[in-house]
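*Asks:* First to last, the protein sequences are chains Z and W.
Sequential numbering of the first sequence, starting at 1, is according to our numbering.
Sequential numbering of the second sequence, starting at 163, is according to our numbering.
A virtual CB, placed ideally from N, CA and C, is assigned to each residue, including glycine.
Note that this is a predicted model, so its numbers are computed, not measured.
2 protein chains.
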Amino acid sequence: MKMFFHYNWIIREEWYRWCEEISEEELLKERTGGLGSILETLFHIADVEWSWIRLLEGKEDFQEGFDNYKSLEKVRQLDARFRPEVENFVANWDDSMEHRVLTTIGRDGTVDTDEWGEVMRHVIAHEIHHIGQLSVWAREVGREPVSANLVGRGLPELNKNK
Amino acid sequence: MKMFFHYNWIIREEWYRWCEEISEEELLKERTGGLGSILETLFHIADVEWSWIRLLEGKEDFQEGFDNYKSLEKVRQLDARFRPEVENFVANWDDSMEHRVLTTIGRDGTVDTDEWGEVMRHVIAHEIHHIGQLSVWAREVGREPVSANLVGRGLPELNKNK
Numbered sequence: 001m002k003m004f005f006h007y008n009w010i011i012r013e014e015w016y017r018w019c020e021e022i023s024e025e026e027l028l029k030e031r032t033g034g035l036g037s038i039l040e041t042l043f044h045i046a047d048v049e050w051s052w053i054r055l056l057e058g059k060e061d062f063q064e065g066f067d068n069y070k071s072l073e074k075v076r077q078l079d080a081r082f083r084p085e086v087e088n089f090v091a092n093w094d095d096s097m098e099h100r101v102l103t104t105i106g107r108d109g110t111v112d113t114d115e116w117g118e119v120m121r122h123v124i125a126h127e128i129h130h131i132g133q134l135s136v137w138a139r140e141v142g143r144e145p146v147s148a149n150l151v152g153r154g155l156p157e158l159n160k161n162k
Numbered sequence: 163m164k165m166f167f168h169y170n171w172i173i174r175e176e177w178y179r180w181c182e183e184i185s186e187e188e189l190l191k192e193r194t195g196g197l198g199s200i201l202e203t204l205f206h207i208a209d210v211e212w213s214w215i216r217l218l219e220g221k222e223d224f225q226e227g228f229d230n231y232k233s234l235e236k237v238r239q240l241d242a243r244f245r246p247e248v249e250n251f252v253a254n255w256d257d258s259m260e261h262r263v264l265t266t267i268g269r270d271g272t273v274d275t276d277e278w279g280e281v282m283r284h285v286i287a288h289e290i291h292h293i294g295q296l297s298v299w300a301r302e303v304g305r306e307p308v309s310a311n312l313v314g315r316g317l318p319e320l321n322k323n324k
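Shown next as structure tokens:
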């Protein structure tokens, strides 16, 4: 579980750096599929990751929309604000938490139950999926996307130290 | 680890069904980013998953290109041919295999070492990433993509039975 989160954070940081080379107009440009823009996708990834962790912690989640975060700097600041809490939760994750149950009640009153292990994997897959969308849009911008490779990044070593 | 593989297989099957509604021309159409076409992406996902598992098993991998598999039916047949071996490997996965080392020698003679746990997560992330690309192309075709949600699919229950 932890290695996937570390992978996602490394990839996300590389995408932020990739964005530094791109005009704000391109980053905010409306595109086909997903969230519709590169920057809103990165905002959404950070938002969704933090919101699920907050749900697992039994705390309130983030209710703001993208409108107040329409620059690379603002998205990075928001991500940096969220990150310590997420990192702390992930660092303290152990297998005994796998089958704990999260109950959520939707706006229409439907009750969903998910195991914590399911939620953690959902958060992981959620980011990787959206990063895949960014990789297509990167080519539309005429740039090489960030490599999505998980091997070759020294992740087992990083994991040992955390 | 197992839950992610089950997730990927369920999502992949849903994409095959999604493809049944789409013309072969659209499935093979050259697109921006990734492998360049919907069908070649699905071929690549099945190929790469099987090839890495074969490497872990110390067996020869698959050396054919996409040229002989340019129909939905052929890609599904290839996937079905590969699947039992992959399923068997995944079913027998346990944590003691996590730190075993796979050594591979590239065409240029470079030697790479990866832990088995790293390779398994690479295979998982590889598929999710490419499925993200399909979701953008689906919108280009004017269709709703397959949901990438991992929660709500009853995966913990499925995992207990395997």
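Considering only residues of the same chain and omitting the five flanking positions on each side of E144 (chain Z), which have a CB-CB separation below 8 Å?
*Replies:* Hits under 8 Å: A138.
*Asks:* Would the stretch 11 to 30 of chain Z count as touching the stretch 62 to 77 of chain Z if we require 3 or more Cβ pairs under 8 Å?
*Replies:* As far as the Cβ criterion goes, the stretch 11 to 30 of chain Z touches the stretch 62 to 77 of chain Z, which means the pair count is three or higher.
*Asks:* Is T103 (chain Z) helix, strand or coil when you go by DSSP?
*Replies:* Strand.
*Asks:* With H, G and I counted as helix, E and B as strand and the rest as coil, what does DSSP make of V111 (chain Z)?
*Replies:* Residue state, collapsed to three classes: strand.
*Asks:* Using only CA atoms, which one of Z:I11, Z:L42, Z:V48 lies nearest to M120 (chain Z)?
*Replies:* Measuring from the Cα of M120 (chain Z), the nearest candidate turns out to be Z:V48.
*Asks:* Just mark A242 (chain W) as buried or exposed, buried being the case when its beta carbon has 16 or more other beta carbons within 10 Å.
*Replies:* Classification for A242 (chain W): exposed.
*Asks:* Please list, in chain order, the chain Z residues whose beta carbon lies closer than 7 Å to that of L317 (chain W).
*Replies:* Ordered by position in chain Z, the residues that pass the 7 Å Cβ test against L317 (chain W) are E118.
*Asks:* Assign I124 (chain Z) to one of two classes, buried (16 or more other C-beta atoms within 10 Å of its C-beta) or exposed (fewer than that).
*Replies:* It counts as buried.
*Asks:* Hey, how far is the Cα of L320 (chain W) from the Cα of L312 (chain W)?
*Replies:* Taking the straight line from one Cα to the other gives about 13 Å.
*Asks:* Is there a Cβ from chain W that is less than 8 Å from the Cβ of A46 (chain Z)?
*Replies:* No, A46 (chain Z) does not count as interfacial toward chain W.
*Asks:* Which term fits N8 (chain Z), buried or exposed, when burial requires 16 or more other beta carbons within 10 angstroms of its beta carbon?
*Replies:* Flag for N8 (chain Z) reads buried.
*Asks:* Name the residue from W:T272, W:I290, W:R315, W:R269 whose alpha carbon lies nearest to the alpha carbon of H206 (chain W).
*Replies:* Taking only the C-alpha atoms, the option nearest H206 (chain W) is W:I290.
*Asks:* What's the gap between the Cα of E249 (chain W) and the Cα of F167 (chain W)?
*Replies:* Going from the Cα of E249 (chain W) to the Cα of F167 (chain W) covers about 9 Å.
*Asks:* Taking the Cβ atom as the reference point for each residue, do V298 (chain W) and G34 (chain Z) lie within a distance shorter than 8 Å?
*Replies:* Cβ distance < 8 Å, so V298 (chain W) and G34 (chain Z) count as in contact.
*Asks:* Assign V111 (chain Z) to buried or exposed, taking buried as 16 or more other Cβ atoms, counted over all protein chains shown, within 10 Å of its Cβ.
*Replies:* Classification for V111 (chain Z): exposed.
*Asks:* For H261 (chain W), which residues in the same chain have their Cβ closer than 8 Å to its Cβ, ignoring the five residues on either side in sequence?
*Replies:* Excluding sequence neighbours, H261 (chain W) sits near E277, W278, G279.
*Asks:* Can you check whether the C-beta of T194 (chain W) is within less than 8 Å of a C-beta belonging to chain Z?
*Replies:* Yes, T194 (chain W) lies at the interface with chain Z (some Cβ there is under 8 Å from its Cβ).
*Asks:* Where does G109 (chain Z) land, buried or exposed, given buried means 16+ other C-beta within 10 angstroms?
*Replies:* The residue is exposed, with fewer than 16 neighbouring Cβ atoms inside 10 Å.
*Asks:* According to a CB-to-CB cut-off of less than 8 Å, which residues of the stretch 93 to 113 of chain Z neighbour chain W?
*Replies:* So the list reads H99, D112, given in the order they occur along the chain.
*Asks:* Restricting to runs no shorter than 4 residues, where is the alpha helix (DSSP H) found entirely within the stretch 178 to 202 of chain W?
*Replies:* Counting whole runs of 4 or more residues, the stretch 178 to 202 of chain W contains the alpha helix (DSSP H) stretches 186 to 190.
*Asks:* Taking the alpha carbon of W52 (chain Z) as the reference point, which residue from Z:L155, Z:H130, Z:L102 has its own alpha carbon closest?
*Replies:* It is Z:L102.
*Asks:* Might you give, ordered along the chain, the residues of its own chain that have their beta carbon closer than 7 Å to the beta carbon of E60 (chain Z), omitting 5 neighbours on each side?
*Replies:* Result list for E60 (chain Z): R54, in chain order.
*Asks:* With a cut-off of 8 Å, does the C-beta of L56 (chain Z) fall near any C-beta of chain W?
*Replies:* Answer no: the Cβ-Cβ gap between L56 (chain Z) and chain W never drops below 8 Å.
*Asks:* In its own chain, which residues sit with a C-beta less than 7 Å from the C-beta of Q133 (chain Z), not counting the 5 before and 5 after it?
*Replies:* Answer for Q133 (chain Z): G33, G34, T41, listed in chain order.
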